[in-house]
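First up is the structure itself, then whatever we jot down about it.
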Amino acid sequence: MWEQIRYNQNRTALLFVVMGAIWLILGFVFGLLASYFTLAELLEGGIYGVIVAAVLWLFIFLFAYSFGDRILLAMAGAKKITMTDLHRISNIVEELQIASGLEYLPDTYVINDPALNAFAVGRNPKEASIIVTSGLLNKLNRDELQGVVGHEIAHIKNRDVLLMSLCATLVGTINIVTWFFSPRRMFSRYKDLEEEAMVFFLLVFSPVIAIGIILLILAEGYGSPMIIFLFYIPAAMLLMPFLAKLVYFGISRKREYLADASSALYTRYPEGLASALEKIAGSPDQLIAARSAIAPIFIVNPFREQGMAASDITSTHPPVSRRIAILRAMAYASYVEYDRAYREVRGLDKSVIPPSGMSLAGTGDIRPAFDDDLDRVHRARATSNLLWSLNNYKLITCACGTRMRLPPSFKLTEVKCPHCGQVIPVSNL
Numbered sequence: 303m304w305e306q307i308r309y310n311q312n313r314t315a316l317l318f319v320v321m322g323a324i325w326l327i328l329g330f331v332f333g334l335l336a337s338y339f340t341l342a343e344l345l346e347g348g349i350y351g352v353i354v355a356a357v358l359w360l361f362i363f364l365f366a367y368s369f370g371d372r373i374l375l376a377m378a379g380a381k382k383i384t385m386t387d388l389h390r391i392s393n394i395v396e397e398l399q400i401a402s403g404l405e406y407l408p409d410t411y412v413i414n415d416p417a418l419n420a421f422a423v424g425r426n427p428k429e430a431s432i433i434v435t436s437g438l439l440n441k442l443n444r445d446e447l448q449g450v451v452g453h454e455i456a457h458i459k460n461r462d463v464l465l466m467s468l469c470a471t472l473v474g475t476i477n478i479v480t481w482f483f484s485p486r487r488m489f490s491r492y493k494d495l496e497e498e499a500m501v502f503f504l505l506v507f508s509p510v511i512a513i514g515i516i517l518l519i520l521a522e523g524y525g526s527p528m529i530i531f532l533f534y535i536p537a538a539m540l541l542m543p544f545l546a547k548l549v550y551f552g553i554s555r556k557r558e559y560l561a562d563a564s565s566a567l568y569t570r571y572p573e574g575l576a577s578a579l580e581k582i583a584g585s586p587d588q589l590i591a592a593r594s595a596i597a598p599i600f601i602v603n604p605f606r607e608q609g610m611a612a613s614d615i616t617s618t619h620p621p622v623s624r625r626i627a628i629l630r631a632m633a634y635a636s637y638v639e640y641d642r643a644y645r646e647v648r649g650l651d652k653s654v655i656p657p658s659g660m661s662l663a664g665t666g667d668i669r670p671a672f673d674d675d676l677d678r679v680h681r682a683r684a685t686s687n688l689l690w691s692l693n694n695y696k697l698i699t700c701a702c703g704t705r706m707r708l709p710p711s712f713k714l715t716e717v718k719c720p721h722c723g724q725v726i727p728v729s730n731l
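Take 303 as the starting number for the sequence shown in our numbering and just add one per residue.
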């Protein structure tokens, strides 16, 4: 749908401008401070800081554009799989690529994590990837897995992935820079007391520091080194991540509704995604690979808190319960029907589907559920075998039928079967 693609292109340009401005503010503040350690005048130092920040920002943006998807894959610990590694997920990705009309087949990656979640990355549809957790492969049946993959395929087709990959990379960069100089770093070595220490610092010392800064401003003026050190720099360190997150949250959550609608159309089975979202939201496992900067790219917020209404305001994801209710209110598979269900559930008279989507043909009856090809035990076994293979474990099968896995670091030349006692040479494998 061209409106969503154009929307994402405009938001990418806005992201570059707004976050670039945030970066220039940081450069100006550090330029002011640097002017007291050089021969430059105060304003001259600030200008030099802006110039350096602009060059760095351009480099960071180009780096994020070129390598952002690889950075996110590395941060998540994702490993690429092929059709021969796990036919079940590869086959579903291929099916949904054909159903969606996507020109290129996305790569498939797996994260070894018991939590249930998924996301997609890529600079364009030709270089896109879909990432699922091992927990998702274990717990979801074929219909549910189709719904999740269809959702991520829609993000790729609508060009959501470039915008979100850039957001995650750039916000993460600003967070790293500001964290390095922030009071939070002082407490980072005390993991158990970090949050409590930060709250104590803000509540007890902030008023005292604020009063002291006001007195210094009255006594020495706005441009003194002490004011820059005690006011401008801490203010920048605290406000920059907050402003960066506001830009992040300013990206419309409409893209999630549109991806849900597209998944229902591609699969012709809205209940598949609804059931998958229900399982993902209800899972007690916290995603190990999740970072705050990349949380919005997941299909469900990995840092969600049950019963916290405020999280729906600040999250880039719509409430999961609402997404499920809309999908289950659909009587047939089409964008028009999803839009009707959306307006019914929300009690609004405003469409969520762009006009080009509303005019698309593609109305179909909801198909029956598939008979699950694998039960939970067989899904878990297939996923475990995949993870063993991805981590280069050697498989040894004894004549008695016992199967043994040897890690890549195994150095012995032979191994003894724990059941029959037969000694098997490892060097012959």
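For glycine and all other residues, C-beta sits at the position ideal for the given N, C-alpha and C.
Just so we're clear, the structure is a prediction, and the values are computed from it rather than from any experiment.
For R707, the uninterrupted beta strand (DSSP E) run begins and ends at 705-708, by DSSP. Close CB contacts of L447 within its chain, under the 6 angstroms cut and outside five residues either way in sequence, are with I394 (chain order). Separation of G452 and A561 (C-alpha to C-alpha, rounded to the nearest whole angstrom) is 8 angstroms. Scanning its chain for C-beta atoms nearer than 7 angstroms, with the 5 sequence neighbours on each side dropped, one finds around I668 the residues R570, Y571, P572, Y634, A635, in chain order. The count of Cβ pairs closer than 8 angstroms, one atom from the stretch 406-416 and one from the stretch 371-388, reaches three, so the stretches are in contact. Counting only runs of 3+ residues, the beta strand (DSSP E) found wholly inside the stretch 617-699 occupies 696-699, in chain order. Out of L328, R308, L439, the CA that lies nearest to the CA of R678 is found in L439. Membership of T410 in any alpha helix (DSSP H) is not indicated; the residue belongs instead to the beta strand (DSSP E) covering 409-413. Excluding the 5 residues flanking it on each side, E580 has same chain C-beta neighbours closer than 7 angstroms at I626, in chain order.
The beta carbon of N419 sits closer than 7 angstroms to those of T435, L438, I582, L589, F600, I601, V602, P604, all from its chain and outside the five residues before and after it, given in chain order. If you draw a 10 Å sphere on the C-beta of M632, you find 16 or more other C-beta atoms in it, and that means buried. Residues of the same chain with a CB within less than 6 angstroms of the CB of V725, apart from the 5 flanking positions on each side, are E716, K718 in chain order.
P727 sits in a strand when the DSSP states are folded into three classes. In the three-state reduction of the DSSP assignment, I601 falls in the coil class. Of all C-beta pairs linking the stretch 349-368 to the stretch 654-662, fewer than three are shorter than 8 angstroms, placing the two stretches out of contact.
As the crow flies, the alpha-carbon of K459 is around 6 angstroms from that of L404. Spatial neighbours of L567 in its own chain (CB-CB distance under 7 angstroms, excluding positions within 5 residues in sequence) are listed in chain order as A635, S636, Y637, G664. Minimum Cα-Cα distance from R390 among the listed residues R681, R372, A563, E429 corresponds to R681. For the pair L697 and R683, the CB atoms are not nearer than the 9 angstroms cut-off. Counting only runs that start and end inside the stretch 368-442, the beta strand (DSSP E) elements of at least 3 residues fall at 381-383, 409-413, 420-423, 431-435.
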